[in-house]
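S.K.:
There are 2 protein chains.
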Amino acid sequence: MHSPELLKGTLQTILLKVLKDNGKMYGYEITQKVKELSLGRILLTEGALYPALHKLEAEGLLQTETVLMGKRVRKYYTITVTGKSLVKERVVEFREFIKTMSAVLQVQIA
Amino acid sequence: MHSPELLKGTLQTILLKVLKDNGKMYGYEITQKVKELSLGRILLTEGALYPALHKLEAEGLLQTETVLMGKRVRKYYTITVTGKSLVKERVVEFREFIKTMSAVLQVQIA
DNA sequence: CTTACATGCATAATTCACTTATGTATTGAT
DNA sequence: ATCAATACATAAGTGAATTATGCATGTAAG
Chain X
56 MHSPELLKGT LQTILLKVLK DNGKMYGYEI TQKVKELSLG RILLTEGALY
106 PALHKLEAEG LLQTETVLMG KRVRKYYTIT VTGKSLVKER VVEFREFIKT
156 MSAVLQVQIA
Chain P
56 MHSPELLKGT LQTILLKVLK DNGKMYGYEI TQKVKELSLG RILLTEGALY
106 PALHKLEAEG LLQTETVLMG KRVRKYYTIT VTGKSLVKER VVEFREFIKT
156 MSAVLQVQIA
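Those protein sequence lines, which keep their order, are chains X and P. Residues are numbered in this note's numbering as their position in the first sequence, beginning at 1, plus a constant of 55. Residues are numbered in this note's numbering as their position in the second sequence, beginning at 1, plus a constant of 55.
1) Using a C-beta cutoff of 8 angstroms, does Ser93(X) count as contacting chain P?
2) Can you tell me which of Glu60(P), Phe152(P), Val89(P) and Lys75(P) puts its alpha carbon nearest to the alpha carbon of Ser140(P)?
3) Tell me, please, which residues DSSP counts as bridged to Gln118(X).
4) Across which residues does DSSP place Val128(X) in a beta bridge pair?
5) Residues in the region 69 to 80 of chain P with C-beta within 7 angstroms of chain X's C-beta atoms, listed in sequence order?
6) Going by C-alpha distance, which of Tyr132(P), Lys126(P) and Tyr105(P) is nearest Gln118(P)?
7) If we define contact as Cβ-Cβ less than 8 angstroms, is Glu114(X) a contact residue for chain P?
8) Tell me which residues share the same chain as Val159(X) and place their Cβ nearer than 8 angstroms to its Cβ, disregarding the 5 neighbours each side in the sequence.
9) Thinking C-beta only, is Arg150(X) closer than 8 angstroms to Thr155(P)?
What follows is the structure, given as C-alpha cells:
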C-alpha cells in the first residue's frame, strides 16, 4: 500500500472512472477491481468507500439499483451522464497535476 | 491552481525536494520557487507552509538559521542528512503512486 | 460442526493536513 | 500617503480520510 496521504482527493475520481469503464458494479466489487488494477496497492476501506458512493449518488453522478441475491443485498451503482462528463474533467485534472508535480519535483514520469 | 485536494500529502515532499535542490532557503523564497516551477499552479499558503516547515524541523529533517536582514527577520532552512535520505524515498513513493494511479485510471502519463 | 475468512452493507468517532482568518511588521512603488 | 509585496506566525474551522463498530450471509478447513 502506498503512503495513504497521496490517495487523498483521488477516491472520487477512481470510483467514477472504474464505474465508467466497467458499467454496473456494487461496492465490494469496486474494491476488488481497484485492488486488481492497482496490483494490490490500493485497498479501499469501507469507511471511505460507502460514504463516497453515497455522496456521488446524492450529487447525481451515480444511480443505484438494489438487488436481492438470495438473502444477500447488493446495491449496484451506475454512472450517470453528468458523472461521465465529470470523470473526463477529473482525469484531465489529474494528468495536469502529475505534470505540475513532476516539474516541481524535477522528476521524469513514466 | 489545481484542485487542491490532489495536493494533500505532497507538501512535505515538495518542501524537502526544493530545499535539497536549492540549498539554503527561507519560507517566502520557497513559495516563490514553487510558484515558478509549477508555472503558477501551486501557490503555497502561509497557513500550510510555516507549520509544515516547523514540523519538518522538529523531526530533524530540516535545520534553521535566523538572520536579520536590515530590520527584517529571515529564517533560513537547510535540509539535513536524514532529510536528504527521506526525500529520495518520498520521490520514489510519488512515482510509484503515479504508476499505480495511471493503471487504475487507465490513462497514459507523460 | 465450529471456527475463521470472505462477502456485503452501513454509520459514528476520531484524526490530521489543510484552508481561511487574523495578527504583526518592513520595504518599495505610484 | 497608500497599496502591494515581503516576511514571519498562530488559531479556528473544514473535510476527506482512518479506525472502530455493527449486522448478516456464504464457504472452506480442521
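Note that the Cβ used here is the ideal one computed from N, Cα and C, for glycine as well.
M.R.: Looking at the atomic coordinates:
1) Closer than 8 angstroms to some Cβ of chain P, the Cβ of Ser93(X) qualifies, so yes.
2) Cα-wise, what sits closest to Ser140(P) is Lys75(P).
3) According to DSSP, Gln118(X) bridges with Thr133(X).
4) Looking at the DSSP output, Val128(X) sits in a beta bridge with Leu123(X).
5) Cβ contacts with chain X come from Ile69, Lys72 and Asp76.
6) When the alpha-carbon of Gln118(P) is set against those of Tyr132(P), Lys126(P) and Tyr105(P), the nearest one is in Tyr132(P).
7) Cβ-Cβ to chain P under 8 angstroms: no for Glu114(X).
8) Once the five neighbours on either side are set aside, Val159(X) has no close Cβ partner at all.
9) Cβ distance not < 8 angstroms, so Thr155(P) and Arg150(X) don't count as in contact.
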